[in-house]
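Residue numbers for the sequence shown follow the working numbering, so the first one is 38 and each next one is one higher. Even glycine gets a Cβ: it sits at the ideal position worked out from N, Cα and C. Report on the structure given below.
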Amino acid sequence: LTSAFAIFALVFSASQTQRITDLTNYQVGADFSGPLPGIDSTTSFNQQTSIVDHIQGVTSATLGYGSVATASAGTPFQVQLRAVDANNFAQTAIWTSQDSSQSLTTLMHQLVAQRSTTTHENVLPALIDAGTWNQLHLTQGEHFRLAVNNPSDTGSGTITCIAFAEVKRIPTTNNAGILVDYESYSAVYQNLFNIYLPINYLWVKTSNDPALVQHVRDALTSQQPIVNPLADRRALIAQLSKDPLYLDLVGELALGASTAMLLALLGNLLASWLNARNRQTSFAVLRALGTSSQQVAG
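As structure tokens, then:
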């Protein structure tokens, strides 16, 4: 029972630590992420990416667009739309088997391969999380429509999407999420509405060196482009790991396991002492009856 309790305490602590990691990976989607002030066409996509890439400590940066769209399966419902640079998103994002069975690299390569078709047909390939896929009753290759907000706040429009692939979930989205290629989305948007799609979201992967991580953190919150609010995966892990309820629970389990092990050790020592004492009495009786020491030892 003592061993079982100790194992339970260790497994529980490890699972809670893993849960914190999984939660922060899903919420942030990279080492850093967050919204940007809308960047207009005067700054090119590649120029803006280069600015972030050249921050010391950044190993990969992905720019894109994030917004809320409306899908309809009888009753309209909101979905969170993420348009990312499919050229480098796989190098930037944290994407695990909990997000999809296919690797992110494979999915991004497939989206890049669809760019010419997308521009010609004005149909946007989309990766769709399982909940949204089921709510829209989709099959692979099926077309569906999204009502998207006009970035210039002059109204809204409808875009035709194709259900390119179903994934389990899409990090940084809640409940309902759709992931598309920014270049494809921007081309379709300009073709349909003659409006430039701004850059308003950033994902960043960094070195693990603490000094460089802090340098990137400072740069993203003080230099252009400023990310506000900045989602910081490492800071969130540290914050959740210091949560009073979490610490109390883990501490009580550790104390309980330690107490149980100590009591078990004391019990074993006491049992050994009592056994030795009883054997000593038996040896004394045998010697009194004339048994030799060699016979007692044998």
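Checking 7 angstroms against the spacing of the C-beta atoms, do Val253 and Ile131 come in under that value?
The residue you call residue 253 lines up with position 216 of the sequence shown. The residue you call residue 131 lines up with position 94 of the sequence shown. Their beta carbons are not under 7 angstroms apart, which means Val253 does not touch Ile131 by this criterion.
In the DSSP assignment, find the unbroken alpha helix (DSSP H) run with Ser221 in it and report its ends.
On the sequence shown, position 184 is the one that residue 221 refers to. Counting along the chain, the alpha helix (DSSP H) containing Ser221 begins and ends at 219-230.
Cβ distance (whole Å) where Ala268 is taken to contact Gln128 below 8 angstroms
In the sequence shown, counting from the first residue as 1, residue 268 sits at position 231. In the sequence shown, counting from the first residue as 1, residue 128 sits at position 91. Contact flag wrong, Cβ pair sits at about 18 angstroms.
Report the three-state DSSP secondary structure of Asp136 (helix, strand or coil).
Counted from its first residue, the sequence shown places residue 136 at position 99. If DSSP states are grouped into helix, strand and coil, Asp136 belongs with coil.
Residue burial classification, Asn62 (beta-carbon count within 10 angstroms, cutoff 16):
Taking the sequence shown and counting its residues from 1, the one referred to as residue 62 is at position 25. Buried, because 16 or more other Cβ atoms sit within 10 Å of the Cβ of Asn62.
Are the beta-carbon atoms of Ile207 and Leu100 separated by less than 7 angstroms?
Working through the sequence shown from its first residue, we reach residue 207 at position 170. Working through the sequence shown from its first residue, we reach residue 100 at position 63. The answer is no: Cβ separation not under 7 angstroms.
If you draw a straight line from the C-alpha of Gln172 to the C-alpha of Gly194, how long is it?
Within the sequence shown, numbered from 1, the residue matching residue 172 stands at position 135. Within the sequence shown, numbered from 1, the residue matching residue 194 stands at position 157. Cα to Cα, the separation comes out at about 22 angstroms.
Which one or two residues does DSSP pair with Lys242 in a beta bridge?
Looking up residue 242 in the sequence shown gives position 205. Its beta-bridge partners are Ser97.
Measure the Cβ-Cβ separation of Leu257 and Val264 and say whether it is below 7 angstroms.
Position 220 of the sequence shown, counted from the first residue, corresponds to residue 257. Position 227 of the sequence shown, counted from the first residue, corresponds to residue 264. Against a cut-off of 7 angstroms, the Cβ pair of Val264 and Leu257 comes out as a contact.
Among Gln117, Arg271, Thr210, Leu306, which has the Cα closest to the Cα of Pro247?
The count along the sequence shown starts at 1 and reaches residue 247 at position 210. For the residues Gln117, Arg271, Thr210, Leu306, the minimum Cα distance to Pro247 belongs to Arg271.
Please state if the CB of Met145 and the CB of Ala123 are separated by a distance shorter than 7 angstroms.
Position 86 of the sequence shown holds residue 123. Position 108 of the sequence shown holds residue 145. Cβ distance < 7 angstroms, so Ala123 and Met145 count as in contact.
Give every residue of the same chain whose Cβ lies closer than 6 angstroms to the Cβ of Arg119, excluding the five residues on either side of it in the sequence, and list them in chain order.
Taking the first residue of the sequence shown as position 1, residue 119 is located at position 82. Correct list, in chain order: Gly103, Leu216.
Is the CB-CB distance between Ile196 and Val185 below 7 angstroms?
Numbered from 1 along the sequence shown, position 159 holds the residue referred to as residue 196. Numbered from 1 along the sequence shown, position 148 holds the residue referred to as residue 185. Yes. Within cutoff.
As a quick exercise: from Ala167, Pro262, Tyr226, Ser81, pick the residue whose alpha carbon is nearest that of Ala200.
As a first step, residue 200 is located in the sequence shown; it is residue number 163 there, counting from the start. Comparing Cα positions, the closest option is Ala167.
Residue span of the beta strand (DSSP E) that contains His180, given as start and end
Taking the first residue of the sequence shown as 1, we reach residue 180 at position 143. Run containing His180: 180-186, per the beta strand (DSSP E) assignment.
Would you call Trp310 buried or exposed, if buried means 16 or more other Cβ atoms sit within 10 Å of its Cβ?
Position 273 of the sequence shown, counting from 1, holds the residue named residue 310. Under this definition Trp310 is an exposed residue.
Range covered by the alpha helix (DSSP H) that runs through Arg206:
Residue numbering aside, residue 206 sits at position 169 when the sequence shown is read from its first letter. Where Arg206 is concerned, there is no enclosing alpha helix (DSSP H), given that its DSSP letter is neither H nor E.
Continuous beta strand (DSSP E) stretch holding Gln117: start and end
Translated into the one-based positions of the sequence shown, residue 117 becomes position 80. Its beta strand (DSSP E) spans residues 112-121.
Go ahead and pull the three-state DSSP assignment for Ala272.
Taking the first residue of the sequence shown as 1, we reach residue 272 at position 235. Helix, per DSSP.
Who are the near neighbours of Leu141 in its chain, counting only those whose CB is closer than 8 angstroms to its CB and skipping five residues on each side?
On the sequence shown, residue 141 is found 104 positions in, with the first residue counted as 1. Hits under 8 angstroms: Phe126, Ala127, Ala130, Trp132.
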